[in-house]
Structures are given as structure tokens and as C-alpha cells.
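Numbering (the numbering used here), first residue to last: 25 to 519.
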Amino acid sequence: MRLAIIGSGPAGYYTAYRIMKKMPGSYIDMYESLPVPYGLVRFGVAPDHPEVKKSSENLDDVAKWPNFNFIGNMPIGDGPGRLPLRTIAEQYDALLFAYGASKDKTLGIPGEDLHGVVSARSFVGWYNGLPEYDDLNPDLQSSDTAVVIGQGNVALDVARTLLAPIKHLQSTDMSEQAIEALSRSRVTNVKVIGRRGPLQAPYTIKELRELMHLPETGFVPPPEGWDELIGVERKKLPRQLKRIAELLEKGSKTPPEQAMKMWQLGFMRSPVEFLSSDGKGLDAIGFERTAYTAEPSSVLEQEDTPTLSGPPAALNALRALGVRSTGEKALVHTSLAFRSVGYKSEPLPGFDELGIPFDQKRGTIPNDKFGRVLRPDRSPEVPLSAAHSPGMYCAGWVKRGPTGVIASTMDDAFASADTVVMDWEGNARFNELGGEGEKGGWDAVKRAVDARGIRSVSWADWEKIDAEERRQGIGKGKVREKMRSITEMLRFLDA
Ligand SMILES: Cc1cc2nc3c(=O)[nH]c(=O)nc-3n(C[C@H](O)[C@H](O)[C@H](O)COP(=O)(O)OP(=O)(O)OC[C@H]3O[C@@H](n4cnc5c(N)ncnc54)[C@H](O)[C@@H]3O)c2cc1C
């Protein structure tokens, strides 16, 4: 079997790893937009979480396998420097889409384009050396207060990065220009604001705890008080939520009155407008207060029966409790805001031509949950088992939507890999584009790549970049100093 995987993040490399173990006779080529591998493990995961980045060693293992090719600097798509999807589709028995979510969700409110409103995706990309955001240059000088809109783990990463003592970041792989800009930052107060309450916010306890333990940084409790916000007697809370409530109520290790920097969580506020006096730069953010759609304590009373298959229904019901707008306005003054309301995937150019569907609302490739891509023309009467696009698979964020950590992406990638193997061994129909018979794989695609004048980057090339980045890091006491532009990477390889 010849398989092309599109994307070299965790979804791509865990799929390759699993297939390599289960079907060592298969050939896998991994196409990656950038000259460097690992997706969000290199460009998303916070630099002060080096233990998380170890997951990329799985790809290093895969790359030792003789039947594997890494093909970097190879964005699949239309236009100059890109490789059309059809060109690869004809040369493989199967394609597996693992290209993640490379856009961020917007709020759709006035003023979102003002100077000073920064997307968390671009900020995270900038401090992680993602070429696309090398020139972001966020203004960390004009305001001592920064607002982060959204309360997921990415929002907490942004807050922690803004508040962390610079010595915590200096030895990481954070880009040099970001370390320099953060060391001059005037931001000492970060407000992380969300639409819902303390027990509904999407953050996880580990990330909350990290912020509570940040040296020299105090946590300021919300003005409403925890009782009003939580709305449930602590002893009645399911264990997981009780731990979050206790952590929040306990507050920061550094008492606020002794702290050099502060952070706050603002709950039950939905942003409605970014305001500017000159029409250019951000001055303030308008919020509308929200209220729960039902009393939290009543939700708990209705749903307190534990289920066999999962956490108690009460926990799910309380986590899912909705909010509505109250119309009451609130204003926060700042010239720096980070929008952190999620990532989103887009279809690849060429999907229509190949009959590959895309669900714009969910931002995912419709699939049967086991990783098989569904046919766009399937009718509801056709059983799922007969409704697949032969040879088309997906994994990771583009399969299940942009949520979940690396561990859940791994489980999901293993499930897709197992499906590919099961289908191949069960003689299912595979990709018939380009006719039947043996497919040419990378050898055949390479001819088209050369004709287009695209400089592909092999695993050996990546190893040279890797060694140079580590060498550059040593002099600075860092893990590595990343090359931050594609031109720099290619120039280094061809020097
Ligand atoms: C800011 C941030 C911090 C995170 N921190 C953590 C953490 O601390 N711990 C944790 O467990 N999880 C963390 N996660 C979650 C984790 O990163 C994801 O679960 C995981 O990366 C999803 O894997 P993926 O392979 O689906 O997507 P990605 O990692 O995004 O990989 C997709 C790959 O496809 C490539 N690609 C895109 N388009 C194309 C194309 N047209 N052609 C070829 N290649 C293409 C991309 O360049 C990328 O390399 C974090 C996520 C974010 C956003």
C-alpha cells in the first residue's frame, strides 16, 4: 500500500507510526507545507512546556524506516510553490488528511481589525518562530493591561507567556525576538475574560494551577465573589469541578498585595465591540454581561444520577450550562487585546474536484468517526459502511474539530490508522484515481514537483536544519534558536 499523509503534526505522525508497526510492508510519504515537521508541537505548544514537545520523537522513529519519505516545503493546494491535490491523489492507494486547523475563529464584532487586537494564533506563532507571523511585532509597550478574550488553554498560555519572569523563557526554544520584546514588555496586568462561569470555562486544572504558581504574580478574585459566580454549594459539586472551585478560591501562591504582576479571570461577559477614539488603535472593549439560562444548583438537582459509561450526568450538565445576554454593558480600557476563541480548519483546494466533502460549519471533513471520509453524494438511506470515498481518510483536528490535546489526537490517529490497515487487509476498495494498477508514489510525484520548480525538503535536510538550530541555541544557553523564515531555511540548505 502506498499512503500519502498530508500534514506532519501529531495526527500525521501518530498515524504513520501505527501503520509502520502494523503493516511494515507499506510505503508512506508525508507532505508538509513547511520545510520543518511537527505542526503545532513546534509552532503551538508553549515553549515552557518542553516535556510536551517530546511527543515529536515518534516522528523521528518513523523517519528511520526505509519506506518513509518526509516531503517538506510542499503545501498541497493551488498557485505558485504549491502542489495540486490531484497530482498526488493519482499516485497513491490512499490519502490521509491530517493538515490540522490553520486559521483562527473570529468574534464577528465591530473593531476586530483595530491595531492592538491580536489573534492568539498569531501571537503564539510569533513567539514560537512560525514564519507566517515573524513580523507580527505586537505592541507590548503602550499598555500595562492586556485582555485575553476566551478562557481555553491557549488563552492561559498567552496569559502565562505575558506574565512569566523572563528567565523562565530564556532557556526555552522561544524565538529570540519574542524574548527580547517580552523582556521590554510593560504589561503587568492580564485579564482573561469569558462568556460563561468558572465551572463552564474550557481551561483545564493543570494550566490554571500553573498560573496560580507563577512567581511574583498575584491572582485577583472576581468582584462578584465565588459564591454568586459558582452558584452551587461546594460539597454538592462533582469531584472534578470541586477541585477547580477550590483552586480558584485558594488563589495564587503569591498573595496579590506582594505581587509585581497581576492576573484576573473575568466571567459572564461577552465581547460586543472593540472601541477606538481615532478609528485606528484599540482603546477599550465593550462587553455585555451574561446570566445562566438556569440556576446552577437546580441543574445539579435534576441530573445527579451517575451513569455507567462516563462521568456523572451532573458534571456534564453543569459544564454545559448555557448563558444568555442580560443587555447590561461593561467596559474594559486597554490598547492590547488577544482574541483566543479557537482555531478552525478549511477545505484544501481541489476537494471539490476529487469529490471530497467539507463541513464548513463544523470545520471538519465529514467522516465515519473511524477516519473514513464520507462521500458528498451519500443519501441518508445508504448505511455508513457503504458511503465512503474509496481510499480517503482523515485524522486529528481536521477530523474531529480543533479541540483536544496531543494524547487525544494520538488516540484518534491510531483509530484512523487501524481503519486503513483493516480496510487494506480486508480488500476494501481503495483510490481508483489515475487508474488501477501500481501507484508511483513520491518517485512519480517528484517529477511534477521538479517541473514546477519547487524545492522539496527531505528528512536529511530537516536534520541539517535541526542541528544548526541546536548549534545556534548553545551559544545562547537555549535548547535551540529556530530559523524563522522559509527563505532562511532554504538558503541555509542550499549554501
Ligand atoms: C497554542 C496551542 C497550544 C497547545 N498546547 C498543548 C499542550 O501544551 N499539550 C497538549 O497536549 N496539546 C496542546 N495543544 C493541542 C495540540 O497541539 C493538538 O492536539 C495537535 O497539534 C493537533 O494535531 P494535528 O496533527 O491534527 O494538527 P497540527 O499539529 O496543526 O498539524 C497539522 C500540520 O499540517 C500542515 N499543513 C497544513 N496545511 C497543509 C497543506 N495544505 N499541505 C501540507 N501540509 C499542511 C501544518 O503545517 C502542520 O504541520 C495545543 C494547541 C495549540 C493551538
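Yeah, the Cβ is synthetic: ideal placement off N, Cα and C, and Gly gets one too.
Since we're looking at a predicted model, the values are computed, not measured.
Three-state secondary structure (DSSP) of residue i
i, result
"Trp578", "Absent from the model: residue 578. The displayed extent of the chain is 25 to 519, so no value can be given."
"Thr241", "strand"
"Ser333", "Note that Ser333 scores 47 on pLDDT, short of 50, meaning its location in the model is unreliable and no value can be drawn from it."
"Arg267", "helix"
"Phe394", "coil"
"Phe147", "helix"
"Lys88", "coil"
"Tyr41", "helix"
"Leu261", "coil"
"Gly103", "coil"
"Asp518", "helix"
"Met513", "helix"
"Asn152", "coil"
"Thr388", "strand"
"Glu377", "helix"
"Ser413", "strand"
"Arg508", "coil"
"Asn340", "helix"
"Gly497", "helix"
"Asn82", "helix"
"Lys77", "helix"
"Lys274", "helix"
"Asp251", "helix"
"Arg208", "coil"
"Arg219", "coil"
"Thr433", "helix"
"Val2", "Here the chain covers residues 25 to 519 and nothing more, so residue 2 does not appear."
"Phe382", "coil"
"Lys127", "strand"
"Gly428", "coil"
"Val19", "No answer is possible for residue 19: the residues shown for the chain start at 25 and end at 519."
"Arg26", "strand"
"Thr46", "It is Lys, not Thr, that sits at residue 46 in the sequence shown. Helix at Lys46."
"Ile133", "coil"
"Thr350", "strand"
"Met54", "strand"
"Ala35", "helix"
"Ala118", "strand"
"Ala113", "helix"
"Lys368", "strand"
"Arg233", "helix"
"His139", "strand"
Expected contact under 8 Å - CB spacing of residue i and residue j to nearest Å
i, j, result
"Leu272", "Trp250", "7 Å"
"Asn82", "Ser50", "Not a contact, Cβ separation roughly 17 Å."
"Ile133", "Glu377", "Not confirmed; about 36 Å, so no contact."
"Val148", "Val178", "7 Å"
"Asn97", "Leu58", "7 Å"
"Ile52", "Ala40", "5 Å"
"Gly221", "Ser321", "About 12 Å separates the two Cβ atoms, so there is no contact after all."
"Pro71", "Met236", "The Cβ separation is near 20 Å, so there is no contact."
"Val65", "Pro34", "6 Å"
"Phe516", "Glu492", "6 Å"
"Val356", "Ala308", "6 Å"
"Ser369", "Gly124", "7 Å"
"Ala202", "Tyr151", "4 Å"
beta-carbon residue i near ligand 2 non-hydrogen atom, thresh 7 Å
i, result
"Thr228", "What this structure holds is ligand 1, not ligand 2."
Segment contact flag, the stretch 234-252 with the stretch 311-318, C-beta cutoff 8 Å, min 3 pairs: no
Three-pair Cβ contact test at 8 Å for the stretch 192-212 versus the stretch 163-180: yes
Segments assigned alpha helix (DSSP H), at least 4 residues, entirely inside the stretch 435-492: 465-476
3-residue-minimum beta strand (DSSP E) runs that sit fully inside the stretch 278-321, ordered along the chain: You should have 285-290, 293-299 and 308-316.
Residue ranges of each beta strand (DSSP E) within the stretch 156-201, 3 or longer: 169-173
Stretch-stretch touch, CB-based, cutoff 8 Å, three pairs: the stretch 413-421 with the stretch 431-448: yes
Meets three-Cβ-pair contact criterion under 8 Å: the stretch 175-191 and the stretch 356-370: yes
Touching by the beta-carbon criterion (3+ pairs, under 8 Å), the stretch 73-82 and the stretch 454-472: no
Cβ contact (3+ pairs, closer than 8 Å) linking the stretch 61-71 and the stretch 102-109: By the Cβ criterion, the stretch 61-71 is not in contact with the stretch 102-109, since fewer than three pairs of Cβ atoms, one from each stretch, lie closer than 8 Å.
Cβ pair count under 8 Å reaching 3, the stretch 381-395 against the stretch 422-432: Result yes; three or more Cβ-Cβ pairs closer than 8 Å.
Three or more C-beta pairs below 8 Å linking the stretch 126-141 and the stretch 468-486: no
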